[in-house]
Each structure stands twice: as structure tokens, then as C-alpha cells.
Amino acid sequence: MNESELDRYSRQLLLPNFDIDGQCKLMASHILVVGMGGLGNIAATYLATSGVGTLTLADGDQLALSNLPRQVLYEDTQIGMHKVAAAAEQLAKKNPQVKIHTILEFLEDEALQRAVDVADVVLDCTDNFTARKSIHRACLASKTPLVSAAAIRWEGQLVNFLYHQQSSPCYECLYPDLADQQLSCNESGVIAPVVGMLGIFQALEALKLASGCGEVKHGYLRLFDGFTGQWREMRLTQDPECSACSRKTGI
0 MNESELDRYS
10 RQLLLPNFDI
20 DGQCKLMASH
30 ILVVGMGGLG
40 NIAATYLATS
50 GVGTLTLADG
60 DQLALSNLPR
70 QVLYEDTQIG
80 MHKVAAAAEQ
90 LAKKNPQVKI
100 HTILEFLEDE
110 ALQRAVDVAD
120 VVLDCTDNFT
130 ARKSIHRACL
140 ASKTPLVSAA
150 AIRWEGQLVN
160 FLYHQQSSPC
170 YECLYPDLAD
180 QQLSCNESGV
190 IAPVVGMLGI
200 FQALEALKLA
210 SGCGEVKHGY
220 LRLFDGFTGQ
230 WREMRLTQDP
240 ECSACSRKTG
250 I
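Counting along the sequence shown from 1, when you hit position 151 you're at 150 in numbering that gives the first Met the number 0, and nothing is skipped either side.
Structure (C-alpha cells):
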């Protein structure tokens with residue numbers, strides 16, 4: 000670590016359970032962020048400024064005016080750009096030391112699996128169950144830790160799936176009947192700070208995983224009510240009949 004890096008990350012280095020060892024692990028890590036909307040743009044910002052070594056940003060969407068209230072990494076002048084290109088442009092200004100790879104498409108199938116296989120941690124910042132199922136299946140196959148979040152209206156949820164650990168519940172244990180008929184923020188609305196808050200928590204969990212510092216809770220669904228400012232927590236268990244992770248599936 001050079002003098003500039005010591006200065007940039009000096010406040011993190013003061014943490015006794017993080018210090019230089021944690022920062023070095025973070026700087027050697029590779030984190031994949033799938034979805035660069037309300038969750039992903041916030042999470043990626045904190046990951047980049049905290050010193051993650053390599054960030055891969057994946058999204059096939061373009062920036063629209065209606066995105067800007069909650070996707071605060073971007074600027075008016077970037078409307079119409081691919082979100083990942085706009086994000087890479089902004090993040091490079093915030094921390095030029097971070098290597099940023101961009102994937103200008105909605106990842107699926109073999110391309111998704113390849114991206115997950117080379118990552119140390121994956122953040123699911125997408126907004127539909129079809130994508131979430133594909134991401135979770137890819138992480139399950141490669142035993143890559145997954146930090147998943149969602150937000151709608153005044154509510155948000157956060158859950159870690161540590162697929163490298165035995166008997167860890169998976170996304171389909173929580174949602175066995177994934178379908179995109181569910182509500183979306185395009186139809187039901189969302190308040191911007193709730194999305195930002197969940198994105199920050201995703202970044203925090205990913206930083207702990209990548210650095211090896213701090214407790215990472217898994218097997219718990221955390222629910223946030225932005226109207227009251229309260230959190231609730233639900234313990235998850237592995238479903239022995241789960242079509243994705245039960246022993247019957249052979250995974």
C-alpha cells in the first residue's frame with residue numbers, strides 16, 4: 000500500500016478489526032454488481048470509494064429522467080447513456096485507483112455464470128424476480144456469497160446468502176414461487192431514501208465479506224419500514240423440498 004492509499008483510506012485503517020489487513024483484502028477483491036439502478040448506483044459508489052480492487056457493473060438499461068431522484072450517482076447530462084457507462088465515468092472521478100469493468104447487457108445464462116464465477120461477492124440490485132432467480136442460481140452453482148436487496152414504496156428488504164457454507168438457505172427457500180407478476184416500483188412507486196438506505200447496507204455487507212472483517216449475518220431476512228424507521232428480522236431455514244438447494248437436487 001503506497002502513501003496515497005494510506006492517506007485515502009486512513010479512517011478505515013484506524014478500525015482495530017479492519018486496519019491494513021482488511022484494507023489489503025478489500026483492495027484485492029472483485030465484486031460484481033448486477034443492476035445499476037437505485038440500489039446498484041449507491042452500493043457501487045461506496046464500494047468504489049472504500050477501495051474495492053475490482054468492480055464489475057452489469058446492466059443493459061439506459062438512464063432516464065425519472066431515474067434521477069433515487070439514482071444520485073448520475074447527472075442530467077448523462078440521460079440517455081447506458082447506466083454502467085455513466086456509472087463508470089462517475090466512479091472513476093471518485094476513485095481512479097479502482098478497476099471498473101462494465102457489461103452493457105442484462106446478464107443471463109452462460110454470460111451471467113462467467114461473471115459470477117470470477118467474483119468474490121455478488122450484489123443483486125435488480126428489480127424483477129426473473130433476474131433474481133438467475134443470479135441466485137449462478138451464485139449457488141459457484142458457491143459465491145450473494146447480498147440481495149429490494150425496495151418498493153416505503154419498504155425495503157435485505158438478505159445475505161452465504162452459499163459457501165453448508166445448510167445455508169437460498170433465495171428459493173425464501174421465495175419458492177418466483178414470478179414477475181409481483182409489484183414493481185414502476186407501478187407502485189418508491190421513496191428515494193429507502194432505496195439509498197438499502198443500497199448502503201448492501202455495500203456494508205459486501206465490504207465485510209470482501210475484507211473478512213465484521214459479522215455477516217446470514218439466514219435472516221431484514222425488513223425495513225421507511226415510514227416508521229423500524230427494522231424487523233425473520234430467521235430463515237433451508238427448505239428440505241427446495242427445488243434449488245435441497246439434497247434431492249444434487250447441488
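Beta carbons: idealized from backbone N, C-alpha and C, even for Gly.
Residue i versus residue j - alpha carbon distance
{"i": "residue 145", "j": "residue 31", "result": "10 Å"}
{"i": "residue 172", "j": "residue 6", "result": "44 Å"}
{"i": "residue 84", "j": "residue 10", "result": "30 Å"}
{"i": "residue 118", "j": "residue 237", "result": "24 Å"}
{"i": "residue 174", "j": "residue 52", "result": "33 Å"}
{"i": "residue 133", "j": "residue 155", "result": "21 Å"}
{"i": "residue 135", "j": "residue 219", "result": "16 Å"}
{"i": "residue 93", "j": "residue 189", "result": "27 Å"}
{"i": "residue 21", "j": "residue 212", "result": "6 Å"}
{"i": "residue 194", "j": "residue 42", "result": "10 Å"}
{"i": "residue 137", "j": "residue 54", "result": "18 Å"}
{"i": "residue 206", "j": "residue 26", "result": "10 Å"}
{"i": "residue 106", "j": "residue 12", "result": "35 Å"}
{"i": "residue 140", "j": "residue 165", "result": "13 Å"}
{"i": "residue 57", "j": "residue 81", "result": "10 Å"}
{"i": "residue 63", "j": "residue 102", "result": "19 Å"}
{"i": "residue 169", "j": "residue 97", "result": "31 Å"}
{"i": "residue 150", "j": "residue 60", "result": "18 Å"}
{"i": "residue 18", "j": "residue 48", "result": "16 Å"}
{"i": "residue 39", "j": "residue 4", "result": "25 Å"}
{"i": "residue 224", "j": "residue 1", "result": "43 Å"}
{"i": "residue 163", "j": "residue 8", "result": "29 Å"}
{"i": "residue 226", "j": "residue 24", "result": "37 Å"}
Residue i Cβ short of 7 Å to the ligand PLP heavy atom set
{"i": "residue 67", "result": "This structure lacks the ligand PLP; in fact it carries no ligand of any kind."}
Pick from the options that is closest to residue i, judged by C-alpha positions
{"i": "residue 14", "options": "210, 216, 123, 1", "result": "210"}
{"i": "residue 176", "options": "98, 231, 128", "result": "128"}
{"i": "residue 126", "options": "33, 97, 54", "result": "33"}
{"i": "residue 46", "options": "59, 122, 79", "result": "122"}
{"i": "residue 152", "options": "245, 222, 2", "result": "222"}
{"i": "residue 95", "options": "19, 44, 169, 18", "result": "44"}
{"i": "residue 202", "options": "110, 148, 23", "result": "148"}
{"i": "residue 243", "options": "49, 142, 196", "result": "142"}
{"i": "residue 197", "options": "17, 37, 28, 19", "result": "37"}
{"i": "residue 215", "options": "159, 104, 8, 120", "result": "159"}
{"i": "residue 68", "options": "204, 50, 192", "result": "192"}
{"i": "residue 204", "options": "65, 239, 79, 161", "result": "161"}
{"i": "residue 35", "options": "28, 50, 66", "result": "66"}
Inter-residue CB distance, residue i and residue j (contact presumed, cutoff 8 Å)
{"i": "residue 157", "j": "residue 200", "result": "5 Å"}
{"i": "residue 167", "j": "residue 217", "result": "6 Å"}
{"i": "residue 71", "j": "residue 208", "result": "Not quite, the Cβ-Cβ distance comes to about 24 Å (not below 8 Å), so this is no contact."}
- Quick check: the region 110-122 against the region 79-92, are there 3 or more CB pairs under 8 Å? These segments do not touch.
- On the three-pair Cβ rule with 8 Å, is the region 218-231 touching the region 66-78? The region 218-231 is not in contact with the region 66-78.
- Would you list, in sequence order, the uninterrupted beta strand (DSSP E) runs of no fewer than 3 residues that lie entirely inside the region 116-202? Qualifying beta strand (DSSP E) stretches, in chain order: 120-123, 145-151, 154-160.
- Query: What are the start and end residues of each continuous beta strand (DSSP E) run of 3 or more residues lying completely inside the region 68-115, in chain order?
  - Reply: DSSP runs (the beta strand (DSSP E)) wholly in the region 68-115: 98-102.
- Any beta strand (DSSP E) of 3 or more consecutive residues that is wholly inside the region 10-77: 29-33, 53-57, all fully within the region 10-77.
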